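Chemist: Chains as they are written, first to last, in my numbering: chain A, 194 to 568; chain B, 33 to 423.
For every residue, glycine included, the Cβ atom is placed at its ideal position computed from N, Cα and C.
The model shown is predicted, which means the values in this text are computed figures rather than measured ones.
1. Out of 372/B, 257/B, 149/B and 113/B, which one is the CA nearest neighbour of residue 221/B?
2. Under 8 Å, do residue 442/A and residue 386/B count as touching if we go by C-beta distance?
3. CA-CA distance, residue 284/B and residue 305/B?
4. Could you say which of 274/B, 310/B and 363/B lies nearest to residue 411/B if we only look at CA atoms?
5. Report the neighbours of residue 208/A on chain B: residues whose CB is nearer than 8 Å to its CB, in chain order.
6. Say whether chain A places a C-beta atom closer than 8 Å to the C-beta of residue 347/B.
7. List the residues of chain D that residue 541/A touches, going by C-beta distances under 7 Å, in chain order.
8. Can you name, in chain order, every residue of its own chain whose Cβ lies under 8 Å from the Cβ of residue 208/A, other than the five neighbours on each side?
9. So residue 141/B packs on residue 129/B, CB below 8 Å; how close in whole Å?
10. Do the region 292 to 300 of chain A and the region 328 to 341 of chain A touch if we need at least three Cβ pairs shorter than 8 Å?
11. Quick one: Cα of residue 279/A to Cα of residue 252/A, how far?
12. Should residue 417/B be flagged as near chain A, meaning a C-beta pair shorter than 8 Å?
13. Consult DSSP for residue 33/B and reduce its assignment to one of helix, strand or coil.
14. Can you pull the chain A residues whose beta carbon is under 9 Å from the beta carbon of residue 385/B, in chain order?
15. Taking residue 583/A as the query, report the chain B residues whose CB atoms sit under 7 Å from its CB, ordered along the chain.
16. Suppose contacts are defined by Cβ-Cβ distances below 8 Å. Is residue 214/B in contact with residue 237/B by that definition?
17. Along chain A, in chain order, which residues have C-beta atoms closer than 8 Å to that of residue 489/B?
18. Round the Cβ separation of residue 570/A and residue 261/A to the nearest angstrom and send it over; I've been treating them as touching at under 8 Å.
19. Give me, in chain order, the residues of the same chain whose beta-carbon lies closer than 7 Å to that of residue 448/A; leave out the 5 immediate sequence neighbours on both sides.
20. Which ranges would you report for the beta strand (DSSP E) in the region 472 to 498 of chain A if only whole runs of at least 3 residues count?
21. Look at the alpha carbon of residue 410/A and the alpha carbon of residue 327/A, and state the distance between them as a whole number of angstroms.
22. Would you mind giving the Cβ-Cβ distance between residue 80/B and residue 92/B, rounded to the nearest angstrom? I have them listed as a contact below 8 Å.
23. Among 46/B, 235/B, 291/B and 249/B, which residue has its Cα nearest to the Cα of residue 179/B?
24. Across which residues does DSSP place residue 228/A in a beta bridge pair?
25. So the alpha helix (DSSP H) residue 186/B belongs to, where does it begin and stop?
26. Hey, residue 243/A and residue 444/A: beta-carbon distance below 8 Å or not?
27. Which residues in chain A have a C-beta closer than 8 Å to the C-beta of residue 316/B? List them in chain order.
28. Helix, strand or coil for residue 423/B per DSSP?
29. Measuring only the C-alpha atoms, how far is residue 228/A from residue 349/B?
30. Does any residue of chain B bring its CB to less than 8 Å from the CB of residue 437/A?
31. Note down, one range per segment and in chain order, each beta strand (DSSP E) of at least 3 residues found wholly within the region 397 to 427 of chain A.
32. By the 10 Å Cβ neighbour count, where 16 or more other Cβ atoms means buried, how is residue 150/B classified, buried or exposed?
33. Considering only residues of the same chain and omitting the five flanking positions on each side of residue 269/B, which have a CB-CB separation below 8 Å?
34. Could you give the residue range of the alpha helix (DSSP H) that holds residue 119/B?
35. Following the continuous alpha helix (DSSP H) through residue 231/B, name the residue where it begins and the one where it ends.
36. Give me, in chain order, the residues of the same chain whose beta-carbon lies closer than 7 Å to that of residue 41/B; leave out the 5 immediate sequence neighbours on both sides.
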């Protein structure tokens, strides 16, 4: 097996898929990239058994097809140091698995592993498929990913719930304290389906989709999902289990509606929360007529902050506490000039919604649960 | 060398409230003054937590079983004690010290160390400390003794010698003349066991102890031997560690008679957790670590802890406590004591969970806490715990 490739091109593709590799693996072969040379096409793969990513790399010249597993760390570190130069790989894929790399005046030798040891990429059987614009998927992931949970006892909530129907397409994420529902009406599927995608492949997709402007082909069955776009594809195992009935917790009617400019609101919360307890980040929201007062305190350090903002408000005066970190994350993701915070009672969910969203086919709902206030 | 030594020389004050619990009780009930009083559980199995000087004349001392105390003095007045009340007074004392002192450590409910090194450039340290002591006595009405010296150990011994209600100043030059004639039992850290070992070696005064070769002390008592020897020579470099808010809430129950009644213990745990989780909510705190402790009848003590997401809710804490207890109590042996501790505390209130917490339950907690705040922490509680408490 022999090929010549541009160092920057190879590095870029390796870095694009390298995020899949775990820092510590029980199976040593997973510390490697799989290189498969087929005529004049080179594909590289990385896997953690749950998720496998593959990228195509343009090569300058190739001889003798073959495949080999190359240790990822040493390869990445070497490639990072090169300027853009052609690199020649000469590999014995049969017995010694020795890899010789020629770059400029340098010659480097390392030992790879038999490509047969690398876990086989699963193939999707009895799958359904659809095509969606890259930027829609990217938006959906960006909007929901932060709200996923980390609780090992509830694995379903560590992923993003995807629902396809003939009317729309919905992404939902929640950790039981906050919830995001991102719905698009400009994107439909002939058949209804739902599955839970794990956090890790979504993080990988998020990074790559930002630079693509084509369509993503999505294939799925009951156990796996497959994404293909540009020079990449990704296959991941779905999270098995029943997603909680999230619709039941979204309040149908929250009569107290607070409308406020997003950026000043965000900046005020950011400032006030510096003075809150740094483990719980609790900030008190008090609405009195057209005035919103934000306050926070950290008794351990005698820190205290209070800030007043004007807002539009319809409903009864009320006081409610939130974890400011959640509200800030949400305000950072919403892009409209104004937002609306809909509330009902101090111990019930608040809804944060964009106001006058220019994208009419986008329906974004963010729900944040309050913290109990000490009266 | 002398300049260095001078710069190194510290000035540490040790303040100790005399018979603290008894003094607080005497503030509330003047009739107790001049009488033998002990604070502690009223049952035979409990121990003396504090005793008045009058009681000490009968040979009563703290940590003595109540039964023995009663035997020594038939007229002794036993008071159940109210830790909450004592904490309140202790806090007042700490606040007074905090107002004036540059650096202080709250070593226990009735003891404080204050580092006044370098203060003599502005005030006389002795004068300053005398003023502080008088202020505490004036504002709280509690007797307090004080020792001022070059390190924590000597100050503490000095306080011990100054009691009751006195003060003692030991300069660097006087450290050894002061320590040497005293009994070794005056050194903090020397308990009954160590005392017996040292006495069996023929050591009775600090002077003798200080002259024992260091190697020999190490051989007999290991690392602690070195520390004790240093203390005997008036050497102690441990710093005064600034006072900080306590970071755990705990409770323990010692049974009247050792028990293996699991059902009873589990129910008792419920009532104990209810108690401390209410304290938690009252203080506006959340806990992230829960520890269960059991002591078997042979005094073997075992603990087990678990980290949980921040919470202050009874039902979550109770569930975790019971699970921990079940895992911890595996030997079918009589149990003497059970305890629960909540730690990893942070300021804050419960974050509502959209799937687990119903508005009805949140309202219930708020209503219960309101009642408890108004009518006391036992105004409303779970029926299982209530019965156990009565039994």
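Modeler: If we stick to the structure as given:
1. 257/B
2. yes
3. 10 Å
4. 310/B
5. Result: empty, since nearest Cβ-Cβ is about 35 Å, beyond 8 Å.
6. Answer no: the Cβ-Cβ gap between residue 347/B and chain A never drops below 8 Å.
7. Annotation note: the requested chain D is absent from the structure, which comprises protein chains A and B.
8. 269, listed in sequence order.
9. Going by Cβ atoms, the distance from residue 141/B to residue 129/B rounds to 13 Å, so no, they are not a contact pair.
10. In this structure the region 292 to 300 of chain A does not lie against the region 328 to 341 of chain A, because fewer than three pairs of beta carbons, one per stretch, are closer than 8 Å.
11. If I take the Cα positions, the gap works out to 10 Å.
12. no
13. Low confidence applies to residue 33/B: its pLDDT is 37, below 50, so where it sits in the model is not reliable, and the reading given next is rough at best. Three-state DSSP puts residue 33/B in coil, outside helix and strand.
14. Neighbours of residue 385/B on chain A, chain order: 369, 370 and 562.
15. The structure shown does not extend to residue 583/A, since chain A is modelled only from 194 to 568, so the question has no answer here.
16. yes
17. One cannot answer for residue 489/B here, as it falls past the ends of chain B, which runs 33 to 423.
18. Past the edges of chain A, shown from 194 to 568, lies residue 570/A, and the structure says nothing about it.
19. 508 and 537
20. 475 to 481 and 484 to 491
21. 9 Å
22. 6 Å
23. 46/B
24. DSSP, once it has assigned bridges, lists 237/A and 261/A as partnering residue 228/A.
25. Here the alpha helix (DSSP H) through residue 186/B covers 184 to 194.
26. no
27. 492 and 567
28. Residue placement at residue 423/B cannot be trusted, given a pLDDT of 47 that sits under 50; what the coordinates show is reported in the next sentence. Collapsing the DSSP output to three states places residue 423/B in coil.
29. Their Cα atoms are separated by approximately 53 Å.
30. Chain B contact via Cβ: present.
31. Runs of the beta strand (DSSP E) inside the region 397 to 427 of chain A: 408 to 413 and 417 to 422.
32. exposed
33. Within the same chain, residue 269/B has close Cβ partners 183.
34. Run containing residue 119/B: 115 to 132, per the alpha helix (DSSP H) assignment.
35. 224 to 232
36. 182 and 204
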